Structure formats: structure tokens, C-alpha cells
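Here the structure comes first, spelled out in C-alpha cells, and everything after it is commentary.
What follows is the structure in C-alpha cells.
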């Protein structure tokens, strides 16, 4: 899954878009950004402070950040018209789309340093355990993040049974539990509270760094874990990175400006881009609904079971 467009070309277009406006467009009085769960609220809010300020400067209205306790808080905020922008996981986007196809538009996706926009669900355990693969997890406690997480639940819940391991608690794994988010899963495994868990990473770079980007990299950067104390035990098939979405109700000039701002972040403020993207990236590039059709169908099938 390679992005054909050139980052430099998009950045140039984006800078023009920052000043774009549509004559007669409806004005907004505030702009509301939802931040998906996965780590504690204060860290999420801190990571987005730079975008909050840039958005306020660009749009000339107050900007509010919202960091609900779980994924569903952001999903419901978008569906209810109480949020204007969010970076969703593919599964969360699928839930929004299946509930109301007219709620949001996917506009941008994070691009990895290799030019692709795929990532992985990564299973991991402590290095001092005897767990090296799913074969060693019989009777053990397996932790997952959030029911609406793509890498933290949806994809593992499909891929792991396809490898012959039931996800029903007590069938093969001693228990299957939800921790509440990626950071909580990482800390729970690191502390020995659960035997293994899954989280997300781009799969590029070095394990000791937490890969180049993802929840492991963010936890490693924050000093929450020492990656040398953990080992990888499983990896999913490649997953399309989730989209940054905008409410369809926004005026067109606001959509253009916000798309341009985020697409330009890597050029105008690399530190801000790093914080929001949870690690090293090439930036953000355009994406459409078509990239998520398979995830939507997987979510639909899961809902029927």
C-alpha cells in the first residue's frame, strides 16, 4: 500500500490551501477536536496542544480538545455533531460509517517512513516469561485494548482464530480481557498484570525503540517501558492506517484549511507532527473511503456474530 503522490508536492499545495476560503461560506464559532483513546487523557491533550494553537490561529475561533475515556466517546461525538475533527482507527471509522455514512469524510492518512500507510497489530509478552508465540499462551491471560480498536481488537479477533486459537475466554487462552487502551495494555504486560497483549506499530525500525511509530514507540519515548524487557510474539496481516476525518457539516473553506494544515505539519512543525503521529513519519497524505471498504465489511461481519 504505497502512496503515489509526493509529500513535497502536497506540502506545497497545502500551504496554498491554508489561505483558501470560499465566498459566502457559513462561519463557525468554535472548532472541536476529538482525540481517540489509547493513553491517559493528559498525555493525549498535551500531544495535541500544538495542533490546538495552530488551528486557532488559522481559523480565528476558539478550539477545544476532547479526550474521552474510550474510543466510543469520540465516535459518538462525531455522530452527534459534537466534534469536527478526529484521527480514527480504521475500525472506529467503520463504525461511524456503518452508523451514518453522511457523518464524516476521511481526508488524510499517516504515511510511514517507507511511503506506505499500513501498520500491524503486535502481540507481545515479557522477556522473562516463557511465552514466545501464541502456542505458549494456552491458559494464559491475553489483553486487548478497546472493542472499537482496529489493532487492539478487531483484526486480532479475526486473525487469531484463523490461526487456530479461539478468542473465547477459557477455550484456549485462560482469559481474554480489555484493558481500556493501548497504553494500558503495554503497562499491564510490562507490570506482569497480564501475560501478553496486543498493540499497534508500523513494524519499521528497531524493536528496541518501539519501532518507528505506534503505541510501543510512544510508551518507550515516555519512559513507561523498557523495550528490551519485552518480546514480540505475534504479528497481524497489514492493516490500513486509520483516517483523519472531518465532519461533513463543516463549511468547505474550513475543511480545506484544516486538511492543508495537517498535511503540512511535517514541514512546518516536525515536533508537532511527531507528537500527533506517535513517532516518525513522512507526514499525512490524502485518503478516501475506498481504502477502508475491507475494514467496513469486516466490522459489519463482526457485528452479525
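In the numbering used here, the protein residues as written are 1 to 305. Backbone N, C-alpha and C define an ideal beta-carbon position, used for all residues, glycine too. Keep in mind that this is a model prediction, so the values were computed, not measured.
What does DSSP give as the partner residues of residue i in its beta bridges?
i	result
residue 232	124
residue 247	104
residue 61	DSSP lists no partner for residue 61.
residue 32	64
residue 147	Per DSSP, none; premise fails for residue 147.
residue 283	111
May I ask you to report which of helix, strand or coil DSSP gives residue i?
i	result
residue 273	helix
residue 80	coil
residue 137	coil
residue 109	strand
residue 119	strand
residue 86	strand
residue 73	helix
residue 56	helix
residue 152	helix
residue 298	helix
residue 343	Shown here, the chain extends from 1 to 305; a query on residue 343 therefore has no answer.
residue 262	helix
residue 239	strand
residue 9	Bear in mind that a pLDDT of 43 at residue 9, under 50, signals an unreliable position, so the model cannot answer this.
Could you tell me the alpha carbon to alpha carbon distance between residue i and residue j, rounded to whole angstroms?
i	j	result
residue 187	residue 141	14 Å
residue 291	residue 80	24 Å
residue 198	residue 215	10 Å
residue 29	residue 61	6 Å
residue 302	residue 85	26 Å
residue 296	residue 35	21 Å
residue 4	residue 237	Low confidence applies to residue 4: its pLDDT is 37, below 50, so where it sits in the model is not reliable, and the reading given next is rough at best. Rounded to whole angstroms, residue 4 to residue 237 spans 22 Å at the Cα level.
residue 174	residue 258	46 Å
residue 243	residue 277	12 Å
residue 132	residue 190	15 Å
residue 72	residue 148	7 Å
residue 113	residue 107	20 Å
residue 134	residue 282	33 Å
residue 52	residue 125	36 Å
residue 213	residue 227	14 Å
residue 122	residue 224	17 Å
residue 178	residue 50	31 Å
residue 64	residue 90	24 Å
residue 143	residue 253	43 Å
residue 231	residue 196	10 Å
residue 272	residue 139	43 Å
residue 275	residue 222	11 Å
residue 83	residue 205	34 Å
residue 130	residue 233	11 Å
residue 229	residue 183	16 Å
residue 69	residue 152	15 Å
residue 77	residue 32	10 Å
residue 180	residue 150	13 Å
residue 208	residue 220	9 Å
residue 270	residue 185	28 Å
residue 54	residue 75	24 Å
residue 171	residue 97	33 Å
Count the other C-beta atoms from every protein chain shown that fall within 10 angstroms of the C-beta of residue i, then say buried if there are 16 or more, exposed otherwise.
i	result
residue 266	buried
residue 245	buried
residue 255	buried
residue 280	buried
residue 44	buried
residue 22	At residue 22 the pLDDT is 38, less than 50, meaning the model places this residue with poor confidence and gives no usable figure here.
residue 241	buried
residue 47	buried
residue 218	buried
residue 128	exposed
residue 101	exposed
residue 202	buried
residue 162	exposed
residue 264	buried
residue 298	buried
Are the C-beta atoms of residue i and some chain C residue less than 7 Å apart?
i	result
residue 253	This model lacks chain C altogether, as it is built from one protein chain only.
#### Entry: Secondary structure, beta strand (DSSP E): runs of 3+ residues fully inside the region 162–225
Annotation: the region 162–225 contains the following complete segments of the beta strand (DSSP E) (minimum length 3 residues), in chain order: 175–178 and 196–201.
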